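Participant: Just so we're aligned, residue 1 is where the sequence shown starts under this note's numbering, counting upward by one.
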Amino acid sequence: MTFETTFPDSFLWGAATASYQIEGAVAEDGRLPSIWDTFCAEPGKVLGGESGEVACDHYHRMPQDVALMKELGLDAYRFSIAWPRVIPTGTGAVNTKGLDFYSRLVDTLLDRGIRPFVTLYHWDLPQALGDQGGWLNRDIKDWFAEYTGAVVGALGDRVKNWTTLNEPWCSSLLSYSLGHHAPGHTDRVEGLVSAHHLMLAHGTAVPVIREACPDAEVSITLNPTQVIGPDDPTDADLDAMQRADDVLNGIFFGPLFHGAYPPTLLENTAHLTDHAYIHDGDLEVMSAPLDNLGVNNYFPTRVKHTDGATHPLPGGEGVEETEPHPPLTAMGWEINADAHHDILMRSSQESGLPIYVTENGSAWPDVIETGPEGESVHDVDRTAYLHGHLDAVKRAIDDGADVRGYFAWSLMDNFEWAFGYSKRFGIVYVDYDTQERTVKDSGKEYARIIAAHRTD
Ligand code: GCO
1 MTFETTFPDS
11 FLWGAATASY
21 QIEGAVAEDG
31 RLPSIWDTFC
41 AEPGKVLGGE
51 SGEVACDHYH
61 RMPQDVALMK
71 ELGLDAYRFS
81 IAWPRVIPTG
91 TGAVNTKGLD
101 FYSRLVDTLL
111 DRGIRPFVTL
121 YHWDLPQALG
131 DQGGWLNRDI
141 KDWFAEYTGA
151 VVGALGDRVK
161 NWTTLNEPWC
171 SSLLSYSLGH
181 HAPGHTDRVE
191 GLVSAHHLML
201 AHGTAVPVIR
211 EACPDAEVSI
221 TLNPTQVIGP
231 DDPTDADLDA
241 MQRADDVLNG
251 IFFGPLFHGA
261 YPPTLLENTA
271 HLTDHAYIHD
281 GDLEVMSAPL
291 DNLGVNNYFP
301 TRVKHTDGAT
311 HPLPGGEGVE
321 ETEPHPPLTA
331 MGWEINADAH
341 HDILMRSSQE
351 SGLPIYVTEN
361 GSAWPDVIET
371 GPEGESVHDV
381 DRTAYLHGHL
391 DAVKRAIDDG
401 ADVRGYFAWS
411 LMDNFEWAFG
421 YSKRFGIVYV
431 DYDTQERTVK
441 DSGKEYARII
451 AAHRTD
């Protein structure tokens, strides 16, 4: 191992997970279905018909999993709260048993000296709210504020790092325009409307968090992606790049940090909608000041102009997504640490805020081997990806971005949404038959890097 890049002493080392991807126990202690339980049950939506029903059984193995975090030397743990555990019907009665699980998790983390970073929404919307239109219903801003108040009211005495939403791009455009995620709709306008309501819910929740937890550090996690065009772009290619950037990045950077949508996004979608879902005053709510920005980033996006079919994203006229450049991960994602550096710089400039890399990592076809010293996973590719991307983070810091921490995706292998259990992102291997956890070589290397930075 030759990785010797050094980070500032205050840099925070973490790992991330999400409720539906690890918890299991979907019908326990009063939890009711989310839109993901429903989506998984629909034939053809998730590879192998798999679901988060058992996942990593984290709900029952939480103390051991926190012990594992301690063993790795993590400073911080980023997890999400399942809305359908806390308010199973979406609005109304709070389920104390559901909330207690997270309260125990927070106490266990704090006992071990690990700082909790809590995400309020990582895609598991109560089905009861899905039945009322989900993110297409403007009332969701109030439903989300009510849920936020319940959670922050219960945990805000111990949790300071609060993130409203994880990757609103995925819960809007990927879910309502591209149909890959729950609820699986394929409508260009719905992608725009749901994105707007996500931003509105976010902006409505920010003051609720501050009220319940005055010393909170409030954040949102986006998944911006560097848009790369052909080497010698024509004007038409530049237009395609702008359109792609608007619907991937500007659609969130604009409302959050500039108080307006990109004008080109509005122009290029005007033939689809009159944008009547944008009400007076909305942009003001959406741009509520934040304390930091979470960035999840794995790969860049390559586009060029086409005279062929319109891309299914809104404003996709003339846009063609082109093949990623090798080397690729098991997801088929381009490994491009320079693009990671560039998107951190961009995120820093757009937001003017401190940044946390709240997710970054890679999937590989891991093989577990049994030897004299027990089980091991020699995931050299994941380790190389980790080194390359950490180095890119450090370059971004040197170039002036205030990046304050890095969370590996993921602490352990888990339910990878539409890909079921077929893709492993963990730095810890999970045997889904026995629920045994094995720290992979990449996890050991991450622990070594963290230990090398310990100052206390
Ligand atoms: C996302 C989510 C995670 C994924 C991870 C790998 O970025 O899509 O936040 O839940 O599992 O990114 O795809």
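Quick reminder that beta carbons are idealized off the backbone N, C-alpha and C, glycines included. Keep in mind that this is a model prediction, so the values were computed, not measured.
1. Name the residue from Glu284, Asp307, His340 whose alpha carbon lies nearest to the alpha carbon of Asn296.
2. Determine the burial state of Lys141: buried for a count of at least 16 other Cβ atoms within 10 Å of its Cβ, exposed for fewer.
3. Based on the DSSP output, what are the partners of His305 in its beta bridges?
4. Closer than 8 Å by C-beta to Ile368: which residues in its own chain qualify, once you throw out the five before and the five after it? Chain order, please.
5. To the nearest angstrom, how far is the alpha carbon of Tyr298 from that of Ile335?
6. Would you kindly work out how many angstroms separate the C-alpha atoms of Gly179 and Ala128, rounded to a whole number?
7. Do you know how far the Cα of Phe419 is from the Cα of Arg31?
8. How would you write the range of the alpha helix (DSSP H) that Val393 sits in, first residue to last?
9. Report the start-end ranges of each beta strand (DSSP E) in the region 93-132 that is 3 residues or longer and not cut off at the edges.
10. Measuring only the C-alpha atoms, how far is Val403 from Val285?
11. For Ile450, I'd like the list of residues in its chain whose CB is within less than 8 Å of its CB, leaving aside the five on either flank, ordered along the chain.
12. In whole angstroms, give me the CA-to-CA distance for Glu252 and Met241.
13. Taking only runs that begin and end inside the region 147-234, name each unbroken beta strand (DSSP E) of 3 or more residues, in chain order.
14. Does Ala225 pass the burial test, meaning 16 or more other C-beta atoms within 10 Å, or should it be called exposed?
15. Can you give me the start and stop residues for the alpha helix (DSSP H) that Phe39 sits inside?
16. Beta-carbon within less than 8 Å of Gln64's beta-carbon, same chain only, minus the 5 sequence neighbours each way: which residues are those?
17. Alpha carbon to alpha carbon, how far is Asp139 from Pro289? Give it in angstroms, no decimals.
18. Return the residue from the list Thr38, Pro214, Thr322, Val152 that minimises the CA-CA distance to Asp458.
Facilitator: The relevant details are as follows:
1. Among Glu284, Asp307, His340, the Cα nearest to that of Asn296 belongs to His340.
2. A buried status is given to Lys141, since no fewer than 16 other beta-carbon atoms sit within 10 Å of its beta-carbon.
3. According to DSSP, His305 bridges with Val319.
4. Glu375, Ser376, Val377, Tyr429, Asp431, Thr438, listed in sequence order.
5. Roughly 8 Å between the two C-alpha positions.
6. Within the model, the alpha-carbon separation for Gly179 versus Ala128 is close to 20 Å.
7. Straight-line Cα distance between these residues: approximately 24 Å.
8. Membership of Val393 in the alpha helix (DSSP H) is indicated by the continuous run 380-398.
9. Residue ranges of uninterrupted beta strand (DSSP E) with 3 or more members, entirely inside the region 93-132 and ordered along the chain, are 115-121.
10. Spanning the two alpha carbons is a distance of roughly 26 Å.
11. Same-chain partners within the cutoff: Trp13, Leu72, Gly73, Leu74, Asp75.
12. Contrary to the premise, residue 252 reads as Phe rather than Glu in this sequence. If I take the Cα positions, the gap works out to 16 Å.
13. Within the region 147-234, the runs of beta strand (DSSP E) that reach at least 3 residues and sit entirely inside it are, in chain order, 161-166, 217-222.
14. As written in the sequence, residue 225 is Thr, which differs from the Ala given in the question. Answer is buried; the Cβ neighbour count reaches 16.
15. Taken as a continuous stretch (DSSP letters only), the alpha helix (DSSP H) holding Phe39 covers 35-41.
16. Around Gln64: Arg437.
17. Roughly 22 Å separates the two Cα atoms.
18. Outside the shown range of the chain (1 to 456) lies residue 458, about which nothing can therefore be said.
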